[in-house]
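Here the structure is laid out as structure tokens; the discussion comes afterwards.
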Amino acid sequence: MGDKSNLPLFETKSANNRFIFRLYTLSIFISICFIFYFRIHHLPESKTAEKLAWLGAFFSELWFAFYWFLTIIVRWNPSYRQTFKDRLSQRYEGDFPGIDIFVCTADPVIEPPTMVINTVLSIMAYNYPPEKMSIYLSDDGGSDLTFYALLESSQFSKKWLPFCRKFNVEPRSPEAYFRSAVEPLNDCLLSTELSSIKNLYEDMKKRIETVAELGRIPDDIRKQHKGFLEWDTVLSQRDHQTILQIVIDGRDPMAVDSEEQPLPTLVYLAREKRPQYNHHFKAGAMNALIRVSSRISNAPIILNVDCDMYSNNMDSVRDVLCFFMDEENGDEIGFIQFPQTFDNLTTNDLYSSSFDVINKVELHGMDNNGGPPYIGTGCFHRRETLCGRKYRRGSKSESLKWDHHQRIQDSASVLEETCKPLASCGYEENTEWGKEMGLKYGCPVEDVLTGFAIHCRGWRSIYFNPERKGFLGVAPTTLLQSLVQHKRWTEGDLQIFLSQYCPLLYGHGKIPLKLQLSYCVYLLWAANCLASLYYVTIPSLCLLRGISLFPKVSSQWSYPFIYTIMATSTCSAGEFVWCGGTLRGWWNDQRIWLYKRTASYFFAFFDNILRLLGTSKSAFVITAKVADNDVSKRYERELMEFGAPSPMFTILTTLAWLNALSFIGVLLKLAVHGQTPDQLAMQIILCGLLVCVNQPLYEGIFLRKDKGKMPTSVAYKSAAYALVACSLAYV
Ligand SMILES: O=c1ccn([C@@H]2O[C@H](COP(=O)(O)OP(=O)(O)O[C@H]3O[C@H](CO)[C@@H](O)[C@H](O)[C@H]3O)[C@@H](O)[C@H]2O)c(=O)[nH]1
Ligand SMILES: [Mn+2]
Numbered sequence: 042m043g044d045k046s047n048l049p050l051f052e053t054k055s056a057n058n059r060f061i062f063r064l065y066t067l068s069i070f071i072s073i074c075f076i077f078y079f080r081i082h083h084l085p086e087s088k089t090a091e092k093l094a095w096l097g098a099f100f101s102e103l104w105f106a107f108y109w110f111l112t113i114i115v116r117w118n119p120s121y122r123q124t125f126k127d128r129l130s131q132r133y134e135g136d137f138p139g140i141d142i143f144v145c146t147a148d149p150v151i152e153p154p155t156m157v158i159n160t161v162l163s164i165m166a167y168n169y170p171p172e173k174m175s176i177y178l179s180d181d182g183g184s185d186l187t188f189y190a191l192l193e194s195s196q197f198s199k200k201w202l203p204f205c206r207k208f209n210v211e212p213r214s215p216e217a218y219f220r221s222a223v224e225p226l227n228d229c230l231l232s233t234e235l236s237s238i239k240n241l242y243e244d245m246k247k248r249i250e251t252v253a254e255l256g257r258i259p260d261d262i263r264k265q266h267k268g269f270l271e272w273d274t275v276l277s278q279r280d281h282q283t284i285l286q287i288v289i290d291g292r293d294p295m296a297v298d299s300e301e302q303p304l305p306t307l308v309y310l311a312r313e314k315r316p317q318y319n320h321h322f323k324a325g326a327m328n329a330l331i332r333v334s335s336r337i338s339n340a341p342i343i344l345n346v347d348c349d350m351y352s353n354n355m356d357s358v359r360d361v362l363c364f365f366m367d368e369e370n371g372d373e374i375g376f377i378q379f380p381q382t383f384d385n386l387t388t389n390d391l392y393s394s395s396f397d398v399i400n401k402v403e404l405h406g407m408d409n410n411g412g413p414p415y416i417g418t419g420c421f422h423r424r425e426t427l428c429g430r431k432y433r434r435g436s437k438s439e440s441l442k443w444d445h446h447q448r449i450q451d452s453a454s455v456l457e458e459t460c461k462p463l464a465s466c467g468y469e470e471n472t473e474w475g476k477e478m479g480l481k482y483g484c485p486v487e488d489v490l491t492g493f494a495i496h497c498r499g500w501r502s503i504y505f506n507p508e509r510k511g512f513l514g515v516a517p518t519t520l521l522q523s524l525v526q527h528k529r530w531t532e533g534d535l536q537i538f539l540s541q542y543c544p545l546l547y548g549h550g551k552i553p554l555k556l557q558l559s560y561c562v563y564l565l566w567a568a569n570c571l572a573s574l575y576y577v578t579i580p581s582l583c584l585l586r587g588i589s590l591f592p593k594v595s596s597q598w599s600y601p602f603i604y605t606i607m608a609t610s611t612c613s614a615g616e617f618v619w620c621g622g623t624l625r626g627w628w629n630d631q632r633i634w635l636y637k638r639t640a641s642y643f644f645a646f647f648d649n650i651l652r653l654l655g656t657s658k659s660a661f662v663i664t665a666k667v668a669d670n671d672v673s674k675r676y677e678r679e680l681m682e683f684g685a686p687s688p689m690f691t692i693l694t695t696l697a698w699l700n701a702l703s704f705i706g707v708l709l710k711l712a713v714h715g716q717t718p719d720q721l722a723m724q725i726i727l728c729g730l731l732v733c734v735n736q737p738l739y740e741g742i743f744l745r746k747d748k749g750k751m752p753t754s755v756a757y758k759s760a761a762y763a764l765v766a767c768s769l770a771y772v
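Spelled out as structure tokens, the structure:
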């Protein structure tokens, strides 16, 4: 047997069989060249309208080709990671570093406390020495309900952690576990303990929900913990002092579970909020957490999760250490990102929220190009990378050594008092926080921007997507939420592209070109709106006027168009199904792709322009994690939810009307004049496809009676807009 001690802790595999993919790429490339040749050589000479429409199509296609090229870059050479946890524990079991885990919540109504504590409990139950874990709950909602729920969960954890250990259960979010647990038939012990812990959980949940319905903490509960006194001076959610409570002090020998095993440290933090200060949303919360935790536990590794993303894999911390502690390649790794996966998706993923293709294809490709971006949740950082340190090649990191708990002797209450100023509004004034220290401010996607800056400081990141998902979260369950979330993301992404941090400029010389270009795939999402809007309106309107923008189907020039469309669609459908989706899911994905591009991206683009002109400031609209019963039922039946009037819907509905009218109009025209459709066939097919993809929207206007139908006001308004557009095109 050879010497096992220098076997690596992780392994990287490249995808094989890239030949076919590259052949496909080449064929599309050639086909695109033909299309451009056709566009240039068949530019109409006569009428201006025709010429302009033609040029518009040409520019749209140029954009699509450029963007397609970017998507090829992130697909070119995917890599897959595997960890060896047995080697890790053989070599380092007793020397594991501490880890600080930040859970962020911001609103007790749209992020219910029971959901938050399920996330906290799942994390407390990691298969990792509890004395080395500290969990911080940041509550930007400043809510005593959330605090109360956390207290309850600290009591419940004393039973829950031993239960998880004893029966080795997964997932370790109680709610998710009880949802999926089947009654064991031949294990009496498990069966009784399961029902007893389940009862305990249900009781706790009921207590929390009763208090939440009441809207305030009853006096008898208030008396149970000194922490509630803090709320005596809270003026409102946006106006209060720092509230910091060490709910479980892991150093305390009395902090043990029902089996006398130590418990992890558990801290509640609501940083100070004052109306006159900008609080910088999640980035501000994270920076306060970085400072407060540096004094309480100062662990060298930080995990950040959103409150709606429970840990689904008890070994994630060990997986991550396989990367950070690898003797050969560990030192250059700044952060490790897990995919964002969700456990509330429907079979055909109505709103295309699964990100399966991104998770299973693109991010693997980006990993090979230099590392995935930081996407907010499910990400493990070295503390030093978050704090602005540069990576120096060849430098051996000592940063994973950790003895903070032994050094800090202060009692919990002294710690609480000395830490409070670190989370105050004024602390960051005239400091580098939000700039070179911690997460960056001023961008709705603070995560991507911060991750990019870390890459530019020389670190690489790792994308880790194990078979058993590391984290599972809650995806939006209505169309509007999904569109609004995407608007925030793409607005922030484009903002980065247009800022001094544009990867092509700022990243030049700092990160590989392929990583710069990979970032552009996401940062330019919003920029897709113009070409897309053009393609779904002008060709259809041109039909009414009889302007042809594509070659005759009978001519050879139609081949490159047909080939490009067919091949890219087949490839995308194949990729989608390979990633675990259904064909119907792919079709839904095409629809949402269209809706996002024409609504979310359009508003994101527009808001960026307004911001550059100085008339608008970006905000952070928190995504709701609960829906009322009716809405949930429709979601489960995969009925598209419209319901509320919104400018986003006005755009979508106008486009749907416009294509329906054009489609009917041109068919009538052809029938009346008895023409053959050869010259316009491709345009008619495009328009027909748009009508097909919009089917749920027409149903929402004409057929549905439930509350999720398209609001009548939107339907009428949009019909009027579309009619105006069509008549202008016609005359
Ligand atoms: O003022 C705020 C606003 C939000 N949050 C928290 O930030 C997280 C993300 O908010 P959410 O509304 O769920 O947004 P998502 O679009 O689901 O979040 C993704 O996108 C965000 C950037 O837009 C990242 O911050 C997130 O980590 C990432 O998961 C949640 O835990 C919130 O509690 C705060 O702590 N303070
Ligand atoms: Mn979220």
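Taking this note's numbering, the leading residue of the sequence shown gets 42, the next gets one more, and so forth.
Glycine included, C-beta positions come from ideal geometry on N, C-alpha and C.
Proximity of residue i and residue j at Cβ, strictly below 7 Å
| i | j | result |
| --- | --- | --- |
| Asn328 | His445 | no |
| Val732 | Ala701 | yes |
| Asp488 | Gly417 | yes |
| Val515 | Asn385 | yes |
| Tyr318 | Leu585 | no |
| Thr124 | Asp408 | no |
| Thr691 | Val618 | no |
| Asn168 | Glu216 | no |
| Ser101 | Thr53 | no |
| Leu330 | Phe143 | yes |
| Thr695 | Tyr757 | no |
| His281 | Val275 | yes |
| Arg675 | Gly749 | yes |
| Glu234 | Thr283 | no |
| Pro316 | Arg263 | no |
| Leu535 | Asn649 | yes |
Secondary structure of residue i, DSSP reduced to three states
| i | result |
| --- | --- |
| His714 | helix |
| Tyr167 | coil |
| Tyr318 | coil |
| Ile258 | coil |
| Ser184 | coil |
| Met42 | Below a pLDDT of 50, predicted positions are generally treated as unreliable, and Met42, at 39, falls in that range; no measurement from the model is reported. |
| Asp669 | coil |
| Ser613 | helix |
| Val161 | helix |
| Val297 | strand |
| Tyr351 | strand |
Residue(s) in a DSSP beta bridge with residue i
| i | result |
| --- | --- |
| Leu307 | Ile176, Ile289 |
| Gly514 | Phe383 |
| Asn345 | Phe143, Cys420 |
| Ile377 | Phe421, Ile503 |
| Asp280 | Ser277 |
| Arg122 | Thr53 |
| Trp474 | Met478 |
Of the listed residues the options, nearest to residue i (C-alpha basis)
| i | options | result |
| --- | --- | --- |
| Tyr560 | Pro580, Ile399, Arg632 | Ile399 |
| Glu250 | Thr695, Ser357, Phe269, Thr187 | Thr187 |
| Ile287 | Ser175, Ile579, Tyr576 | Ser175 |
| Lys39 | Cys348, Pro316, Arg336 | Within the shown structure, residues of the chain are numbered from 42 to 772, placing residue 39 beyond reach of any answer. |
| Gly475 | Arg332, Leu344, Ile69 | Arg332 |
| Thr66 | Gly429, Asn569, Thr112 | Thr112 |
| Gly135 | His320, Lys173, Ile164, Leu708 | Lys173 |
| Ala147 | Ser46, Arg501, Val662, Phe99 | Val662 |
CB contact check: residue i to chain D, cutoff 7 Å
| i | result |
| --- | --- |
| Ile342 | Among the chains in the structure shown there is no chain D, since it carries only a single protein chain. |
**Message:** Any contact between the segment 585-598 and the segment 720-728? By contact I mean 3 or more CB pairs, one from each, below 8 Å.
**Reply:** yes
**Item:** Any 3 or more C-beta pairs closer than 8 Å across the segment 530-540 and the segment 555-570
**Value:** yes
**Meets three-Cβ-pair contact criterion under 8 Å: the segment 306-320 and the segment 205-217** = no
**Request:** Inspect the CB distances between the segment 404-415 and the segment 533-547 and report whether three or more fall short of 8 Å.
**Result:** no
**Message:** With a threshold of 8 Å, are at least 3 pairs of Cβ atoms found where one atom belongs to the segment 655-673 and the other to the segment 150-159?
**Reply:** yes
**Request:** Inspect the CB distances between the segment 681-691 and the segment 516-525 and report whether three or more fall short of 8 Å.
**Result:** yes
**Message:** Below 8 Å, how does it come out for the segment 389-404 and the segment 453-467: are there three or more Cβ pairs, yes or no?
**Reply:** no
**Message:** Does the structure place the segment 130-141 close enough to the segment 374-382 that three or more beta carbon pairs sit under 8 Å?
**Reply:** no
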